[in-house]
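What follows is one structure encoded as structure tokens, with my remarks underneath.
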Amino acid sequence: MNERPETLRSGYRGYIGSRPVLGSRIPQHVQNLVIRDYAARSGLTFKLSATEYAMPHCYMMLEQVLAELPGLDGMIAYTLFMLPERRGRRQEIYRRILDTGACLHTAVEGLVLASEADIGRLEDIWSVQQALTHMAPVRF
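Heads up: the sequence shown begins at 397 in our numbering, then just goes up one per residue.
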């Protein structure tokens, strides 16, 4: 037989950032507290977080976590909105996560990407956020 030994997976890598998300700066220690609490409430084994660099549109640490996924159960991002703004790039990330048999959790939103069916829901939330961002403020 030509069977491969099953890869042992070991927990969920956190993913936090050092640049603003939706116009707000969230201290890294607060992001880690939120992820740690989410993992504990969800019964997930939390591994230390990778911290994204501050440069705009830089996703080097995200790429590192994606490369680690074959040995992880998945990743826990502080928020969905840390992912790239370009839809095609997000789709590529979703595909890479699912292709490795891992999943993505987003701690703030409490969302999980574990199957193809979850992609539409994540993208619907992105669309609503983008619409809200481009709306003029309502004045009373």
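By construction, the Cβ of each residue, glycine as well, lies at the ideal position given by its N, Cα and C atoms.
Q: Please classify I431: does DSSP put it in a helix, a strand, or coil?
A: Looking at I431 - three-state DSSP - the assignment turns out to be helix.
Q) M478 bridges to which residues according to DSSP? A) The partner list for M478 (beta bridge, DSSP) is empty, contrary to what the question assumes.
Q: Pull up the distance between the alpha-carbon of I422 and that of R483, whole angstroms please.
A: Approximately 24 Å, taken between the alpha carbons.
Q | Under the three-state DSSP convention, the category M471 falls into | A | Looking at M471 - three-state DSSP - the assignment turns out to be strand.
Q.
I'd like the list of long-range same chain contacts for L462, defined as Cβ closer than 6 Å, with 5 residues on each side in sequence excluded.
A. Counting only Cβ-Cβ distances below 6 Å, and skipping sequence neighbours, we find R492.
Q) Is the CB-CB distance between L468 and G413 below 8 Å? A) In this structure, G413 does not lie closer than 8 Å to L468 by Cβ.
(Q) Quick check on the burial criterion: 16 or more other C-beta atoms within 10 angstroms. Buried or exposed for Q526? (A) Burial state of Q526 is exposed, judged by a 10 Å Cβ sphere holding fewer than 16 other Cβ atoms.
Q.
Applying the 10 Å Cβ sphere with the 16-neighbour rule, what's the burial state of S523?
A. Exposed is the call here.
Q | Spatial neighbours of T529 in its chain, beta-carbon cut-off 7 Å, leaving aside the 5 residues before and after | A | So the list is empty, once near-sequence residues are dropped.
Q. Nearest-angstrom Cα distance between G470 and R409?
A. Straight-line Cα distance between these residues: approximately 7 Å.
Q) How long is the line joining the alpha carbons of R517 and L507, rounded to whole angstroms? A) R517 and L507: Cα-Cα distance of roughly 9 Å.
Q) Cβ atoms of Y474 and V504: under 8 Å apart, would you say? A) Cβ atoms of V504 and Y474: closer than 8 Å.
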